[in-house]
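Undergrad: Got a structure for you, questions after.
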Amino acid sequence: MKFYLVLFMLNILIFSSETLQAQWVQTSGSAGGEIHCLVKVDTNLFAGTHSGGVYRSSDSGSNWIAVNSGLTSKEIRSFVSSGTNLFVGTWGDGVFRSTDNGEHWTAINSGLGSNVVLALAVIDTTLFAGTWGGGVYRSIDNGEYWTSVNSGLTYHEIEKFAVRDTILFASTRGGADAIFKTIDKGENWVPASNGIPYTEVMSLLVDGSNLFAGPKGGGVFHSTDNGANWVAANSGIENESVLTLAAIDNNLFAGTKDHGIFRSNDNGVSWTPINSGITQMDVRSLIFKGTDLFAGTWGGGVFHSTDNGDSWTPVNYGLVLYHNLLTLAVSGNNLFAGTNGGGIYRSTNNGAGWTAVNSGIDSSKVKCLFISDTNFFAGTNKGTFRSLDNGESWTKIELKTPPPSVVIDVKSFAVSGKNIFAGTFSDGVFRSTDRGDSWTSTNSGLPKLNIECLLVKDTNLFAGTYANGVFRSTDNGNNWTMANSGIENESVIALAAIGNNLFAGTYNNGVFRSTDDGASWTAVSSGLTDMWITSLVVNDTYLFAVTFHGIFIFLQIMEKAGLMYLRN
Numbered sequence: 001m002k003f004y005l006v007l008f009m010l011n012i013l014i015f016s017s018e019t020l021q022a023q024w025v026q027t028s029g030s031a032g033g034e035i036h037c038l039v040k041v042d043t044n045l046f047a048g049t050h051s052g053g054v055y056r057s058s059d060s061g062s063n064w065i066a067v068n069s070g071l072t073s074k075e076i077r078s079f080v081s082s083g084t085n086l087f088v089g090t091w092g093d094g095v096f097r098s099t100d101n102g103e104h105w106t107a108i109n110s111g112l113g114s115n116v117v118l119a120l121a122v123i124d125t126t127l128f129a130g131t132w133g134g135g136v137y138r139s140i141d142n143g144e145y146w147t148s149v150n151s152g153l154t155y156h157e158i159e160k161f162a163v164r165d166t167i168l169f170a171s172t173r174g175g176a177d178a179i180f181k182t183i184d185k186g187e188n189w190v191p192a193s194n195g196i197p198y199t200e201v202m203s204l205l206v207d208g209s210n211l212f213a214g215p216k217g218g219g220v221f222h223s224t225d226n227g228a229n230w231v232a233a234n235s236g237i238e239n240e241s242v243l244t245l246a247a248i249d250n251n252l253f254a255g256t257k258d259h260g261i262f263r264s265n266d267n268g269v270s271w272t273p274i275n276s277g278i279t280q281m282d283v284r285s286l287i288f289k290g291t292d293l294f295a296g297t298w299g300g301g302v303f304h305s306t307d308n309g310d311s312w313t314p315v316n317y318g319l320v321l322y323h324n325l326l327t328l329a330v331s332g333n334n335l336f337a338g339t340n341g342g343g344i345y346r347s348t349n350n351g352a353g354w355t356a357v358n359s360g361i362d363s364s365k366v367k368c369l370f371i372s373d374t375n376f377f378a379g380t381n382k383g384t385f386r387s388l389d390n391g392e393s394w395t396k397i398e399l400k401t402p403p404p405s406v407v408i409d410v411k412s413f414a415v416s417g418k419n420i421f422a423g424t425f426s427d428g429v430f431r432s433t434d435r436g437d438s439w440t441s442t443n444s445g446l447p448k449l450n451i452e453c454l455l456v457k458d459t460n461l462f463a464g465t466y467a468n469g470v471f472r473s474t475d476n477g478n479n480w481t482m483a484n485s486g487i488e489n490e491s492v493i494a495l496a497a498i499g500n501n502l503f504a505g506t507y508n509n510g511v512f513r514s515t516d517d518g519a520s521w522t523a524v525s526s527g528l529t530d531m532w533i534t535s536l537v538v539n540d541t542y543l544f545a546v547t548f549h550g551i552f553i554f555l556q557i558m559e560k561a562g563l564m565y566l567r568n
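Using our numbering, the first residue of the sequence shown is number 1, and each one after it goes up by one.
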């Protein structure tokens, strides 16, 4: 896994005078792009990603290469092959075709009324495109021209296709009829969802005489009469959102939104989870290559099973995975990254390579990371976790006893001596004197309890708040006062300090600096192309600002500020 974080390579940079006139420059950072779809074409596997385009593997996923020449959209939502032609449906730029195994792509959108294409299918030589908002389009000339074929189709948000012989099934979202079918290549559509009490079907599968559907939040439904009637096939998977389905021999597989992969050997009557080795439980695509099963996940890349799903191995070499970085932390030679979608990653080589370290954490969204000696803390959307072994394993800790019914949203940690502080959104600040075993609320003087970040600087404890700027405590959190001039109404997402300089990263207004412990603040955002700051990290005299579109660095050079954006 690579984030391409170049945090410690500044000695090889050459700064131009033009560069030094700016305050911020972006480093090689992360973009978006998880796996939407997998497809087998002859001996090759293709992966369609969220913002990395198309990847191809000729060795069962051991190695991947990007094949994106000609693609103007890198968000690949659907994939189908017909003869020597490959087709991809994108979000925003319609359909592309390749005639050379993905080496080059050409847009083929003439007549296509919507450029968001979530589903593609082929019957004989007729190509179908399922669009978001425009319904179904048909092409009889390999995509050169498209014609709308929506007669009888009352809902035009198409999610998935499935084909049985000359019957095309389409799943939709938004109405009482979640599945439609056509027996005349789209000329006429009829509802085919009797028995499914849901308005959105997220997956479809034809397996012999069986048809399976995954409605949102409804597990799996089964039809044996071409969709005329459906029954629940749900034991063990009743409330799951099933995003993908696959079958081989007598085994049926379901990839879910939150709980990984399930298997059934009785046509869906009962289901068993099979997630040994799976580190990302949001599974978007399942595909067989022979008897080998591949799973495309949202955040963890591609996994491979050779034993019918009993065990899984990641197969991501060359497949550049991307996550939105939410937070960074450093411990000795280890760099840790908290992500929105992939949990926690650790690098031992300054960001050149990354390994997931999520054992014990049941959340993929990590809002904050904090390290104090050998104590590691992670605030996630499913609670607070602590590690005592360099991130190898994590255990959940509670800030209130007994634990409240609503998860306490920890946004930041800080340490001062033997005191560890946790800043929460809606519950204020907590303090622990026993390495996180027990906690006490410390909120006197805080007008609102929506804490975004905490920072210890000398004998001061600072709290960045939502829409109330910065507050300061000089007595370990017992009492708080405003430290707000020039930043009173800002939502301060991150705080950092270098020498006498205190920095505040804000929601949508960039970075501010104070040289008087928060008494006054001045904007220092020249050079930032993304004003939404998610984290600030200090390495020696360098300040790094993490945003949703990359990482920027603030350089203190001969007491003169300079900013740099390092692009890969």
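In this text, a Cβ means the ideal position worked out from N, Cα and C, and glycines have one as well.
#1: Between residue 443 and residue 466, is the Cβ-Cβ spacing less than 8 Å?
#2: For a test of the three-state rule: what should DSSP assign to residue 314, helix, strand or coil?
#3: Using CA coordinates, which residue listed in 250, 68, 267 is at the minimum distance from residue 235?
#4: Closer than 6 Å by C-beta to residue 81: which residues in its own chain qualify, once you throw out the five before and the five after it? Chain order, please.
#5: Tell me, please, which residues DSSP counts as bridged to residue 402.
#6: With distances taken Cα to Cα, identify the nearest neighbour of residue 459 among 364, 452, 471, 476.
#7: What is the DSSP secondary structure of residue 222, reduced to helix, strand or coil?
#8: Among residues of its own chain, excluding the 5 on either side of residue 175, which ones have a beta-carbon nearer than 8 Å to its beta-carbon?
#9: Quick check on the DSSP output: the beta strand (DSSP E) that includes residue 207 runs from which residue to which?
#10: Using 8 Å as the Cβ pair cut-off and three pairs as the minimum, do the segment 275-286 and the segment 310-319 touch?
#11: Around the Cβ of residue 264, are there at least 16 other Cβ atoms within 10 angstroms (buried) or fewer (exposed)?
#12: On the DSSP bridge assignment, give the partners of residue 289 in chain order.
#13: Taking only runs of the alpha helix (DSSP H) that begin and end inside the segment 456-486, which ones reach a length of at least 4 residues, in chain order?
#14: Quick one: give me the first and last residue of the beta strand (DSSP E) that residue 56 is part of.
#15: Look at the alpha carbon of residue 286 and the alpha carbon of residue 45, and state the distance between them as a whole number of angstroms.
#16: Would you tell me roughly how many angstroms separate the C-alpha atoms of residue 56 and residue 224, rounded to the nearest one?
#17: Distance check for residue 87 and residue 105, CA to CA, integer angstroms please.
#18: Considering only C-alpha positions, which residue in the set 63, 48, 54, 47 is nearest to residue 315?
#19: What does DSSP give as the partner residue(s) for residue 302 in the beta ladder?
#20: Among all the DSSP beta bridges, which residues are the ones paired with residue 112?
#21: One question on the structure: do residue 296 and residue 284 come within less than 8 Å of each other, judged by their Cβ atoms?
#22: Just curious, the beta strand (DSSP E) that residue 367 is in, first and last residue?
#23: Hey, how far is the Cα of residue 430 from the Cα of residue 423?
#24: Within 10 Å of its beta-carbon, does residue 242 have 16 or more other beta-carbons around it, so buried, or fewer, so exposed?
#25: CB residue 126 to CB residue 138, shorter than 8 Å?
#26: Short of 8 Å in beta carbon distance, which residues of its chain neighbour residue 330, apart from the five on each side in sequence? Order them along the chain.
#27: Alpha carbon to alpha carbon, how far is residue 518 from residue 159? Give it in angstroms, no decimals.
#28: Could you tell me how far apart the beta carbons of residue 255 and residue 169 are, in whole angstroms, since I believe they sit closer than 8 Å?
#29: Output the distance between the C-alpha atoms of residue 534 and residue 261, rounded to the nearest integer angstrom.
#30: If you reduce the DSSP assignment to three classes, tell me which class residue 379 lands in.
#31: In the structure shown, what three-state DSSP assignment does residue 447 receive?
#32: For residue 31, name the three-state secondary structure that DSSP assigns.
#33: Kindly indicate the opening and closing residues of the beta strand (DSSP E) around residue 415.
#34: What is the residue span of the beta strand (DSSP E) that residue 197 lies within?
#35: Take residue 493 and list the residues in its own chain whose beta-carbon comes closer than 7 Å to its own, dropping the five residues that flank it on each side.
#36: Quick one: Cα of residue 368 to Cα of residue 269, how far?
TA: Considering the structure as presented:
#1: Not a contact, by the Cβ cut-off of 8 Å.
#2: DSSP, read as helix, strand or coil, puts residue 314 in strand.
#3: Measuring C-alpha to C-alpha distances from residue 235 to each of 250, 68, 267 identifies 267 as the nearest.
#4: Excluding residues within five positions, the ones whose Cβ falls inside 6 Å are 41.
#5: Note: residue 402 sits in no beta bridge, so no partner.
#6: Here the closest residue by C-alpha is 476.
#7: Of the three classes helix, strand and coil, the one that applies to residue 222 here is strand, per DSSP.
#8: These residues qualify, in order along the chain: 154, 155, 199.
#9: Membership of residue 207 in the beta strand (DSSP E) is indicated by the continuous run 201-207.
#10: Output reads yes: the segment 310-319 touches the segment 275-286.
#11: The C-beta of residue 264 has 16 or more other C-beta atoms within 10 Å across all chains shown, which makes the residue buried.
#12: Per DSSP, 292.
#13: Inside the segment 456-486, DSSP marks no whole alpha helix (DSSP H) run of 4 or more residues.
#14: Note, residue 56: beta strand (DSSP E), 54-57.
#15: The alpha-carbon of residue 286 is positioned some 12 Å away from that of residue 45.
#16: Cα to Cα, residue 56 sits roughly 35 Å from residue 224.
#17: Going from the Cα of residue 105 to the Cα of residue 87 covers about 9 Å.
#18: The alpha carbon of residue 315 has as its nearest neighbour, out of 63, 48, 54, 47, the alpha carbon of 63.
#19: The partner list for residue 302 (beta bridge, DSSP) reads 296.
#20: In the DSSP secondary-structure assignment, residue 112 is not bridged to any residue.
#21: Yes, they are a contact pair.
#22: For residue 367, the uninterrupted beta strand (DSSP E) run begins and ends at 366-372, by DSSP.
#23: A direct Cα-Cα distance of roughly 7 Å separates residue 430 from residue 423.
#24: Around the beta carbon of residue 242, a 10 Å sphere encloses 16 or more other beta carbons of the protein chains shown; the residue is thus reported as buried.
#25: Cβ atoms of residue 126 and residue 138: closer than 8 Å.
#26: Once the five neighbours on either side are set aside, the close Cβ partners of residue 330 are 336, 371, 537, 539.
#27: Cα-Cα distance, rounded: 51 Å.
#28: For a cut-off of 8 Å, the C-beta gap from residue 255 to residue 169 is around 19 Å, too long to register as a contact.
#29: Looking at the backbone, the Cα of residue 534 and that of residue 261 are separated by about 32 Å.
#30: Residue state, collapsed to three classes: strand.
#31: Correct three-state label for residue 447: coil.
#32: Residue placement at residue 31 is flagged as unreliable, the pLDDT there being 32, under the threshold of 50; the coordinate-derived value follows with that caveat. Assignment of residue 31 by DSSP, reduced to helix, strand and coil, places it in the coil class.
#33: Run containing residue 415: 409-416, per the beta strand (DSSP E) assignment.
#34: Counting along the chain, no beta strand (DSSP E) covers residue 197, and no H or E run does either.
#35: Cβ neighbours of residue 493 beyond the five flanking positions: 452, 453, 464, 505, 506, 507, 533, 534.
#36: Straight-line measurement puts the Cα of residue 269 at about 41 Å from the Cα of residue 368.
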